[in-house]
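Below is one structure; the comments refer to it alone.
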Amino acid sequence: MNQSTREEMIQNYITAYNAFDVASMTENLSENVIFQNLSDGKITLQTEGIDEFKKQAELAVNFFESREQKITSISTGDSTLTITVDYQAVVKTDLPNGLKKGDTLNLKGKSTFVFEGETIVKIVDES
2 MNQSTREEMI QNYITAYNAF DVASMTENLS ENVIFQNLSD GKITLQTEGI
52 DEFKKQAELA VNFFESREQK ITSISTGDST LTITVDYQAV VKTDLPNGLK
102 KGDTLNLKGK STFVFEGETI VKIVDES
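Residue numbers (our numbering): 2 to 128.
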């Protein structure tokens with residue numbers, strides 16, 4: 002798979018994420034996809050397999066009124082593509098971490114996508 006195809010897949014994933022479109026987010030994911038969310042270098046969430054990923058993504062939809070990731074840079078490796086993003090979201094409901102309904106969350110982050118064949122087999126989100 003060439004670089005531009007990978008970038009297009011990731012742009013489609015981000016567009017779907019911003020639109021709360023879980024079905025489109027998962028179009029290019031492997032059945033065995035691994036997702037990890039890291040905060041301060043520690044894994045705060047991990048899913049294994051497309052079904053677990055979908056469940057978590059559908060759950061997360063309920064937490065935000067709006068959310069947007071903007072890609073600020075892209076770098077590539079042999080089987081990876083890493084993006085840095087500016088992230089903004091408005092909280093829909095009070096959350097256990099202390100965020101309240103209506104709060105705005107602004108973060109900078111990085112996501113690394115690992116490819117195998119024509120699919121994404123791993124996603125690591127870091128903030």
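The C-beta atom is built at its ideal place from N, Cα and C for all residues, glycine as well.
Considering Cα atoms alone, identify which of the options is closest to residue i.
i	options	result
N38	K111, A17 and V122	K111
L30	D41, T105 and T48	T48
A24	V92, D41, I51 and R7	I51
Using 8 Å for Cβ pairs, my map puts residue i next to residue j. What's the rounded Cβ distance?
i	j	result
T113	T83	5 Å
F64	L96	6 Å
F116	V125	Going by Cβ atoms, the distance from F116 to V125 rounds to 13 Å, so no, they are not a contact pair.
Just how far apart, CA to CA, sit residue i and residue j?
i	j	result
T77	N3	11 Å
Q57	G118	25 Å
T81	A61	25 Å
S74	K55	26 Å
Y88	T120	25 Å
E69	V86	9 Å
G103	S40	23 Å
Against chain D, does residue i count as a neighbour if the rule is that its beta carbon must be under 8 Å from one of theirs?
i	result
V91	Protein chains in the displayed structure number just one, and chain D is not present.
Length at least 4, wholly inside the region 12 to 78: the alpha helix (DSSP H) runs in chain order: 23 to 26 and 51 to 62
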